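Residue numbers (the working numbering): 360 to 648.
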């Protein structure tokens, strides 16, 4: 386990690592950084993806954002998207990482985009799974449901327990380990959004960019403009919001770059429905596997 101070008050963000060697730089040997969503933990959601043969030998970092998992949960921290991005930057600086491929899920995807905007030296590529791109998510979204509570009611008035039982056991398994105050402030930050928006930051980013959307989640709003800006949009049949659990093979191939080149894999990824290269700005429909 590794750690780094992130708030000037002694609070620590923590992560675990697998394979590779510390101090990886950019290029084909660049590290892969996994960033979880609201109320989740990075290793729980992504370690099995990093273990895929297509990603063999790559240095992988599983970072828990402040207030989540094994990281500290200071009460004076803001937990806005920008705050999380700066804390993530502190972890990558301490780890000696530059030019990483950052894999972000949901809120973690939004944090990853903000990181790339604020610290482009740290990010060479973004692989996003159903990342929050716009403020004010639908009322049914978890972040909106949490942010609808006043902070005090959510933290100490029973709101946390109510939400814990509302969204299913998979999310509850890690959400119950997160700090309620951090959850509420993080959710409020998602609803509030950023200026410019995460969508705008993503469209203007010079990094290589892929966005995975499970077809069970419905159409990706604004997909055409994302494609026009050079984002590779991957539609994944049979997957919902948790693409890494529903189709880990697809996510592994996307992290590997679509063909496995540049990640130590000997040629194309050995997945028939994915054994082709697709260029930036394309919409890829992955066949049911």
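Built from N, CA and C at the ideal position, the CB exists for glycine as well. If you're wondering where the values come from, they're calculated on a predicted model, not measured in any experiment.
inquiry  = Quick check: residue 608 and residue 599, are their CB atoms within less than 8 Å of each other?
reply    = In the chain shown, the residue the question calls residue 608 occupies position 249. In the chain shown, the residue the question calls residue 599 occupies position 240. Contact check for residue 608 against residue 599 fails: the beta carbons are separated by 8 Å or more.
message = Does the structure place the region 426–437 close enough to the region 495–509 that three or more beta carbon pairs sit under 8 Å?
response = The region 495–509 vs the region 426–437: no contact.
query = Thinking C-beta only, is residue 407 closer than 8 Å to residue 401?
reply = Within the chain shown, the letter at position 42 stands for residue 401. Within the chain shown, the letter at position 48 stands for residue 407. The Cβ atoms of residue 401 and residue 407 lie no closer than 8 Å to each other.
ask   = Between which two residues does the alpha helix (DSSP H) carrying residue 502 extend?
value = In the chain shown, counting from the first residue as 1, residue 502 sits at position 143. From DSSP, the alpha helix (DSSP H) with residue 502 extends over 501–506.
Which listed residue (364, 372 and 417) has its alpha carbon closest to that of residue 611 = On the chain shown, position 252 is the one that residue 611 refers to. For the residues 364, 372 and 417, the minimum Cα distance to residue 611 belongs to 417.
query = Looking only at C-alpha atoms, which of 484, 503 and 459 sits nearest to residue 546?
reply = Here residue 546 corresponds to residue number 187 of the chain shown, with the count starting at 1. Closest by alpha carbon: 503.
ask   = Roughly how many whole angstroms lie between the Cα atoms of residue 438 and residue 445?
value = Indexing the chain shown from 1 puts residue 438 at position 79. Indexing the chain shown from 1 puts residue 445 at position 86. Computed Cα separation, rounded: 10 Å.
Beta-ladder partner(s) of residue 523, from DSSP = Here residue 523 corresponds to residue number 164 of the chain shown, with the count starting at 1. In the DSSP output, where bridge partners are listed per residue, residue 523 has none listed.
query = Between which two residues does the alpha helix (DSSP H) containing residue 408 stretch?
reply = As a working mapping, residue 408 is identified with position 49 in the chain shown. Run containing residue 408: 401–409, per the alpha helix (DSSP H) assignment.
request  = Consider the Cβ of residue 548: report whether some Cβ of chain B lies at a distance smaller than 8 Å.
outcome  = This model lacks chain B altogether; it includes just one protein chain.
Residue 477 (DSSP reduced to helix, strand or coil) = On the chain shown, position 118 is the one that residue 477 refers to. Note: residue 477 maps to helix in three-state DSSP.
inquiry  = Starting from residue 529, trace the beta strand (DSSP E) in both directions and tell me its first and last residue.
reply    = Taking the chain shown and counting its residues from 1, the one referred to as residue 529 is at position 170. In the DSSP assignment, residue 529 falls outside any beta strand (DSSP E) and lies within the alpha helix (DSSP H) extending over 528–534.
inquiry  = Quick check: the Cα distance between residue 459 and residue 517, rounded to an integer number of angstroms?
reply    = Within the chain shown, residue 459 is the residue found at index 100, counting from 1. Within the chain shown, residue 517 is the residue found at index 158, counting from 1. If I take the Cα positions, the gap works out to 40 Å.
message = What does the alpha-carbon distance come out to for the pair residue 569 and residue 457?
response = Position 210 of the chain shown, counting from 1, holds the residue named residue 569. Position 98 of the chain shown, counting from 1, holds the residue named residue 457. Whole-angstrom Cα-Cα distance: 19 Å.
query = Considering only C-alpha positions, which residue in the set 372, 578 and 440 is nearest to residue 553?
reply = Here residue 553 refers to the residue found at position 194 of the chain shown. It is 440 whose Cα lies nearest to the Cα of residue 553.
The region 362–380 in contact with the region 559–573 per 3-pair CB rule at 8 Å = Contact between the region 362–380 and the region 559–573 is absent, because fewer than three Cβ pairs lie under 8 Å.
task = Rank 366, 559, 389 and 399 by C-alpha distance to the C-alpha of residue 529 and give the top, closest one.
result = What you label residue 529 is simply residue 170 of the chain shown in a count that begins at 1. With distances taken between Cα atoms, residue 529 lies closest to 399.
query = Quick one: is residue 533 buried, meaning 16 or more other Cβ sit within 10 Å of its Cβ, or exposed?
reply = Walking along the chain shown from the start, residue 533 turns up at place 174. Buried is the label assigned to residue 533, since at least 16 other Cβ atoms lie within 10 Å of its Cβ.
Residue from 561, 527, 501 and 525 whose Cα sits closest to the Cα of residue 479 = By 1-based counting over the chain shown, the position of residue 479 is 120. Minimum Cα-Cα distance from residue 479 among the listed residues 561, 527, 501 and 525 corresponds to 561.
query = Alpha carbon to alpha carbon, how far is residue 367 from residue 544?
reply = The residue given as residue 367 occupies position 8 in the chain shown. The residue given as residue 544 occupies position 185 in the chain shown. Distance from the CA atom of residue 367 to the CA atom of residue 544, rounded to whole angstroms, is 19 Å.
ask   = For the alpha helix (DSSP H) that contains residue 513, what are its first and last residues?
value = On the chain shown, position 154 is the one that residue 513 refers to. Segment 510–515, the alpha helix (DSSP H) holding residue 513.
message = Is the beta carbon of residue 481 closer than 8 Å to that of residue 453?
response = Here the question's residue 453 lines up with position 94 in the chain shown. Here the question's residue 481 lines up with position 122 in the chain shown. With respect to residue 481, residue 453 sits apart: the two C-beta atoms are not nearer than 8 Å.
ask   = How big is the Cα-Cα spacing for residue 414 and residue 489?
value = In the chain shown, counting from the first residue as 1, residue 414 sits at position 55. In the chain shown, counting from the first residue as 1, residue 489 sits at position 130. Roughly 21 Å separates the two Cα atoms.
task = Kindly indicate which residue of 508, 549 and 594 has the alpha-carbon position closest to the one of residue 467.
result = Your numbering for residue 467 matches position 108 in the chain shown. With respect to the C-alpha of residue 467, the residue from 508, 549 and 594 having the closest C-alpha is 549.
message = Which of the three DSSP states is assigned to residue 604 in this structure?
response = For the purposes of this step, residue 604 is identified with residue 245 of the chain shown, where counting begins at 1. In this structure, residue 604 counts as helix in the three-state DSSP scheme.
ask   = Going by other Cβ atoms of all chains shown within 10 Å of its Cβ, with 16 needed for buried, is residue 535 buried or exposed?
value = Here residue 535 is taken as the residue at index 176 of the chain shown, counted from 1. Label assigned to residue 535: exposed.
Beta strand (DSSP E) segment containing residue 394, residue limits = Residue 394 sits at position 35 when you count from the first residue of the chain shown. Bounds of the beta strand (DSSP E) holding residue 394 are 391–394.
Exposure of residue 434, with buried meaning 16 or more beta-carbon neighbours within 10 Å = Within the chain shown, numbered from 1, the residue matching residue 434 stands at position 75. That one is exposed.
ask   = Pick from 421, 389 and 450: whose alpha carbon is nearest that of residue 363?
value = One-based indexing of the chain shown puts residue 363 at position 4. Its Cα nearest to that of residue 363, the residue 450 stands out among 421, 389 and 450.
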